[in-house]
Amino acid sequence: MFFHKQELQFKSTPDKPDAVYARKLQEVLGGQYGEITVALQYSFQAWNMHLPGKYRDLVFGIGAEEFGHVEMLAVMIAQLLEKSPIGITEDAVQSDPTIAAVIGGTDIQHAIVAGAGARPVDSMGNPWSGSYITASGNLLADFTANANAEMQGRVQVARLYHMTDDHGVRDMLSFLLARDTMHQNQWMAAVRELQDDGLEALPVPSNFPLKKEERSVSYEYRNFSDGEAAAEGTWASGPTPDGKGEFSYDGAPYADGGVPMPPRTHPDSRLYGTTELPNALEKAAGTVQDKLKRE
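This is how it looks when you write it as structure tokens:
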């Protein structure tokens, strides 16, 4: 069940309308790393998690909070659009509000489609997509993706903070920045705890037998660029983070797969897209003919 409280987590009231900034704020609402994405990403991870306990409760708890952030941003965007002029350019184009809106940097669909309200889109008007969601079922992979989502989201909110002088907007953004700080730390702590609890380890997935890898190249850094300074990093020498090997460095990698032989051609191969099907049909036809002769 879902319950909804109409009180917001934090105040979301701008000092004045600003349709241009409302469009910018759409990015952290409906963009790839916006609040809609993390709210549904964490929810799908929790819904798909079959292991009860602290990890499932953590994902549910943060996911529920993120739905509140969706509402805060939607309310803020709607208030930024309320009584905001459709066009903000010179009088020469004010006679055509649509042209004025485009030149001025506003989203005309805020007015035409949403009636001066927020939309599930990014700052360019691209619809939010379910393909933004990561929910693989592997907790270490998912929690690492969650930390990345919070990092990317916080980067964008921080940039937006410096794009406005509106104290009301900045107050709300400062709250979101603080919660992103908390969530980054939570996901990183969960990543470590998963490994400490022995539930998952690097490399992910840890239950795939390493002996089935070509282990001779598992920890070899093959530098295919001419940037030799890359060899100075800890990713080029020393123990690997998974504790199962040592990094090595190859500054002059070469191709060792050989030149592939061209496939056998067939007059009708262009019809099938492969030479295997005609060959198989020929073989089958020959088998039938031989059987008929014997009979």
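When we follow this note's numbering, the leftmost residue of the sequence shown carries the number 5, and every step to the right adds one. C-beta atoms are modelled at their ideal positions from N, C-alpha and C, and glycine is treated no differently.
- Distance between S252 and I40, taken at the CA atoms: about 42 Å.
- For the 7 Å CB-CB criterion, Q30 and D169 do not form a contact.
- Counted as a single uninterrupted DSSP element, the beta strand (DSSP E) harbouring F251 occupies residues 250-254.
- Non-local beta-carbon contacts of A78 in its own chain, meaning distances under 8 Å to residues more than five positions away in sequence, involve L33, G121, A122 in chain order.
- Boundaries around Y225 are those of the beta strand (DSSP E), 224-226, since no alpha helix (DSSP H) includes it.
- Straight-line spacing of the CA atoms in D22 and I81 works out to 9 Å.
- CA-to-CA, the gap between Q156 and G134 works out to about 17 Å.
- In this structure, L143 lies near E204, with their beta-carbon atoms less than 7 Å apart.
- Of the other Cβ atoms in all chains shown, fewer than 16 fall within 10 Å of the Cβ of G65; this residue is therefore exposed.
- Counted as a single uninterrupted DSSP element, the alpha helix (DSSP H) harbouring S47 occupies residues 39-51.
- In the structure shown, V117 adopts coil according to DSSP, grouped into three states.
- Apart from sequence neighbours up to five positions away, the residues of its chain that approach L12 with a beta-carbon distance below 8 Å are G72, E75, M76, V79, ordered along the chain.
- Pairing A139 with N52 gives a Cβ-Cβ distance under 7 Å.
- Only buried fits K28, as 16 or more other CB atoms lie within 10 angstroms of its CB.
- For S88, the closest C-alpha among the options G129, P267, L55, Y25 is that of Y25.
- In this structure A151 touches W191 by the C-beta definition: roughly 4 Å separates them, less than 8 Å.
- F212 and D246 have their C-alpha atoms some 14 Å from each other.
- The C-alpha of A149 is placed about 31 Å away from the C-alpha of D111.
- Under DSSP, the beta-bridge partners assigned to P243 are E250.
- Taken through DSSP and simplified to helix, strand or coil, V125 comes out as strand.
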